[in-house]
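The structure appears below as structure tokens.
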Amino acid sequence: MAEGQVIDGIYFNEVIEDAGLDEGTKKLTPEKIERVINDVLKGETGARLKTYVDTCIHCGLCSNACHYYLSRDKDPTYSPAGKVKQTMWEMIKKKGRVSPTFMKRASQIASTQCCVCMRCAMYCPFGIDIAYIMSVVRRICHLLGITPLYIQDTAHSHAVTMNQMWVKNDEWPDTLQWQEDEAREEIPTTRIPLEKEGADIMYSVIGPEPKFLAQLLYQAAIIFEVAGLSWTMPATPGWDNSDMAMYTMDSEIMGRVKRVHFETARRLRVKKIVMGECGHAFRSVYDRGNRWLGWKMHPFYIEHAIEFYYNLLKSGKIKIAKKYEEPVTLHDPCNVMRGRGLYEMARYVVSEMCADFRDMQPNREHNYCCCAGGGVINCGPPYKMTRMLGNRVKAEQIAATGAKVVIAPCHNCHSGLEDIVSHYKLGTHVKFISDILYEVMEKPGAV
Amino acid sequence: MHGLYNFVRGPLAWVAFILFFGGILYRLISMLLGARKKDGVVFDYFSLYYGLRSIFHWIIPFANRNSRQRPIFTIVTFAFHICLLAVPILLLAHIILWDESFNISWWNLPDSIADIMAIIVVACCGYFLWRRLTQPEVKFVTFASDYVILAIVAAPFITGFLAYHQWFGYKFMLILHMLSGEVMLAAIPFTRLGHMFYSPFTRAYMGSEFGSVRHAKDW
Amino acid sequence: MKKGTAALYIGMGVLISILTFMLMPAYSQEDIVSLADSALGDRERPAAVFAHEEHNEKAEIEECNVCHHVYKDGNKIEDESSEGQGCSDCHNIKEGYPTRPLMKAYHDLCKACHLENKKGPITCGECHPQN
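Protein chains in written order, with this note's numbering: chain A, 1 to 447; chain B, 1001 to 1219; chain C, 2001 to 2131.
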């Protein structure tokens, strides 16, 4: 990654090779750009975007909301309003008559230099939703075919397989069976019930869990078994609740993926959907998919793992045998904190499990983003340094707690923080809540 | 003098007020109709309770984290906006004109206080100008139009202050004052000064989303 | 200023000036240089500059009740004048009805006439100069 270059009259604060952007840009023509921008601005957006743009008084107060801006020594090209200036303002001002290189830069900004974490919406005195504006930019880039390669591949996987990781239909039940077998070695009565119609809960996870984090399925099975719950997982597509198409703003695919997920739950006649420790998937199911499909709220109660664990601990269905000793801190993922307000529940769960909990500053809805979410980590290796240099504040925030373990109840945050921790040599481990819960809970029936 | 005064005080004032109120009405109606057409979500999730909750946290100084992080800016911006609204509405000389034209009058600020408040407005404009010129994160998002907007706001207060003190060119200054006030009124609905009437809506919508959907605070 | 009201004033002014031709002022007012009416209490601005004799000469006002009028039931009494009374005897400070509040009475009387004749001060600072 090279820093700070002007290419074709457009300033790139980072110069990164990405086949998706590089090759996509070559195919752009000014006419196509103009048509697509105006199609989106006139056809897909309306009063909300116009009002946001007309209301912004260019005060710059949103800047210190952004982890990129703060971590990049307050470089204004990373400030939220600065990013809007380099993208949407210019498109509107020029009525879509912008160059291919401009669009390439716009895609870089919207897809890799903004995590759509919505922290800036809480710092704008007018509550202007800059994440929404960046999503519109992403939408334009999607329609122009200039989305970063890795995340585009993930979106393709969603389109083809209805899961994020090209997991084949037979691999999924195989993996569940494998983890069930493993779990039965510990508690022989453990089951991962497949296709159990009329169960209370459908448990859904993201594609990476069967792909390379299978122990999470094991842990979930143990937790469900100990809590004695009526639950099931689908054997068909619809088991994956993740949605990178949401982040590439391929809304049509997002809608298909969400529909399959909801319809699977309907087919299984469950009372609620419990989702694993993932943030973006929760956003896609709880906040975005339902809207695209035309539901104001969801046809099922949507419960994130944090709320699920909270209820289990609160009701005594899960008891703690011995609290976790090492000092821990908690990372508040945007999609379940700013997106669902689960911060107090998360603190209850962590305090129940751990003897030494140390909060980061700032915390709860004001916590800094992990710099991996919003699809940024899914844009792949070319952007690793974008994430590392773009989130020094997170490293400082973690280091200041002196904790040995960072609990991150979100997959993107988890992976992003692992990178941060190793890049800044913090010497801490990153864990899911279920990692610790599994370790410290009472397991009656274990052999 | 009589002719010019009558023109600025009469027809031009009417034009300014019609543009101001008519413009605001037009912008708000077209916003709401436009939202109805393409952004129905705004109405679906709108919540009066959470909207007001959010507005209160942002119109009370230091009631939100950003304003606590920037104490100087917070003090300046609140002083600025309070004086900006209070002086034109509560100035005795203005009320006399309302009384003269429409037989309505209300409580007025003492001239000496209004004088200080006008100075505060101009000084705050100076602070905003300084920010635009020197602070990188503000400078980067500043356009020529931002300076024009700032000048439009500062002008009525500078000319009003000078006219009140009658230090030089009183009559000319007064005409200039009336003209600049009319320019500002007419500009509000059609420039980013429109945040005056847009912001309660954007704030309330964000408050509604955060309150009733996200169950989180937005301050 | 409503047109009807203004017209009414002019009409009345003309009538009164004819009818009160015989009732000349009882005493001279050459000492008056400003309208420092004590009834106004604390003023926001300095008292209005007003040289009585000079003004009337310039404005060619001969009848006292052009300004020193008397109203009854909303109508100006044409052959009476009120130069012996204080303005505030009728025009209260705040409660205007049925007469105008004192400050407004002064403003309306002066400014309406000036606008009508396109002569004389009409802006704040012309009557109330600062220092």
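Each residue gets a CB set at the ideal place from its N, CA and C atoms; glycine is no exception.
{"query": "Own chain residues within Cβ distance below 6 Å of B:LEU1174, not counting five before or after", "result": "ALA1163"}
{"query": "Test: B:GLN1166 CB closer than 8 Å to a CB of chain A", "result": "no"}
{"query": "Limits of the alpha helix (DSSP H) - the one that A:HIS397 falls within", "result": "With the sequence shown as reference, residue 397 of chain A is identified as Gln, and His is not the correct amino acid for it. Run containing A:GLN397: 392-401, per the alpha helix (DSSP H) assignment."}
{"query": "Residues of the stretch 1090-1118 of chain B with Cβ closer than 7 Å to any Cβ of chain C, in chain order", "result": "LEU1092, ALA1093, ILE1096, ASP1099, GLU1100, PRO1110 and ASP1111"}
{"query": "Any C-beta of chain C under 8 Å from that of B:TYR1170", "result": "yes"}
{"query": "Best match in B:MET1196, B:TYR1127, B:THR1202 and B:PRO1189 for proximity to B:TYR1046 [C-alpha to C-alpha]", "result": "According to the sequence as given, residue 1046 of chain B is Phe; it is not Tyr. Selected option, being the one with the closest Cα: B:THR1202."}
{"query": "Check whether A:ILE468 and A:VAL328 have beta carbons under 8 Å apart", "result": "Not covered by the structure: residue 468 of chain A. The range shown for chain A is 1 to 447."}
{"query": "Proximal residues to A:CYS517 (C-beta, below 7 Å), its chain only, five neighbours per side dropped", "result": "Not covered by the structure: residue 517 of chain A. The range shown for chain A is 1 to 447."}
{"query": "Beta carbon proximity, A:GLN5 to chain B, threshold 8 Å", "result": "no"}
{"query": "Reduced DSSP category for A:TRP166 - H, G, I as helix; E, B as strand; rest coil", "result": "coil"}
{"query": "Unbroken stretches of the beta strand (DSSP E), 3 residues or longer, contained in the stretch 265-346 of chain A", "result": "272-275, 301-304 and 328-330"}
{"query": "CA-to-CA distance, B:ASP1115 to C:PRO2025, given in whole angstroms", "result": "Because C:PRO2025 carries a pLDDT of 43, less than 50, the predicted location of this residue cannot be relied on, and no value is offered for it."}
{"query": "Presumed contact (8 Å Cβ cut-off) between B:TYR1005 and C:THR2099, rounded CB distance", "result": "Actually they do not touch by this definition, with Cβ atoms about 27 Å apart."}
{"query": "Burial state of A:GLY82, where buried means 16 or more other Cβ atoms lie within 10 Å", "result": "buried"}
{"query": "As assigned by DSSP and simplified to three states, the class of B:ILE1059", "result": "helix"}
{"query": "Cutoff 6 Å; reference C:LYS2111; Cβ partners in own chain excluding five residues on either side", "result": "ILE2122"}
{"query": "Length of the line joining the Cα atoms of B:TYR1127 and A:ASP54", "result": "23 Å"}
{"query": "Residue span of the alpha helix (DSSP H) that contains B:HIS1002, given as start and end", "result": "1002-1009"}
{"query": "Distance between C:GLY2084 and B:LEU1176 (C-alpha atoms, nearest Å)", "result": "42 Å"}
{"query": "Which of helix, strand or coil DSSP assigns to C:LYS2111", "result": "helix"}
{"query": "Contacts that C:PRO1959 makes with chain B (C-beta to C-beta distance below 7 Å)", "result": "Residue coverage of chain C in this structure runs from 2001 to 2131, which leaves residue 1959 of chain C outside it and unanswerable."}
{"query": "Rounded straight-line distance, which links the Cα of A:GLY20 to that of A:GLU26", "result": "For the sequence presented, residue 26 of chain A should be read as Lys rather than Glu. Rounded to the nearest angstrom, the two C-alpha atoms are 10 Å apart."}
{"query": "Cβ-based burial, A:TYR486 [other Cβ within 10 Å; buried from 16]", "result": "The displayed coordinates of chain A run from 1 to 447. Any statement about residue 486 of chain A would go beyond what the structure contains."}
{"query": "Residues of the stretch 1119-1144 of chain B with Cβ closer than 9 Å to any Cβ of chain A, in chain order", "result": "PHE1128, ARG1131, ARG1132, GLN1135, PRO1136, GLU1137, VAL1138, LYS1139, PHE1140, VAL1141, THR1142 and PHE1143"}
{"query": "Every unbroken alpha helix (DSSP H) inside the stretch 85-115 of chain A [4 residues or more]", "result": "90-93 and 100-112"}
{"query": "Sufficient close CB pairs (3 or more, under 8 Å) joining the stretch 395-403 of chain A to the stretch 306-324 of chain A", "result": "no"}
{"query": "Range of the contiguous beta strand (DSSP E) that encloses A:MET202", "result": "201-204"}
{"query": "A:LEU144 (DSSP reduced to helix, strand or coil)", "result": "helix"}
{"query": "Counted within 10 angstroms of its Cβ, other Cβ atoms place B:TRP1219 as buried (16 or more) or exposed", "result": "buried"}
{"query": "Closest Cα partner of A:ILE130 within the set A:LEU312, A:LEU28, A:LYS85 and A:ASN163", "result": "A:LYS85"}
{"query": "Proximity to B:VAL1041 [Cα-Cα], best of B:GLU1209, B:LEU1028 and B:ILE1096", "result": "B:GLU1209"}
{"query": "Beta-carbon spacing of A:MET345, A:TYR310 below 8 Å", "result": "yes"}
{"query": "Within 8 Å, strictly: CB atoms of A:THR401 and A:ARG364", "result": "no"}
{"query": "Environment of A:ILE436 [buried if 16+ CB atoms lie within 10 Å]", "result": "buried"}
{"query": "Proximal residues, the stretch 1192-1218 of chain B versus chain C, C-beta separation under 9 Å", "result": "none"}
{"query": "Backbone CA spacing between C:TYR2027 and B:MET1184 [nearest angstrom]", "result": "Note that C:TYR2027 scores a pLDDT of 44, beneath 50, so its modelled location is shaky; the value from the coordinates is reported in the next line. Each residue's Cα considered, the two are about 51 Å apart."}
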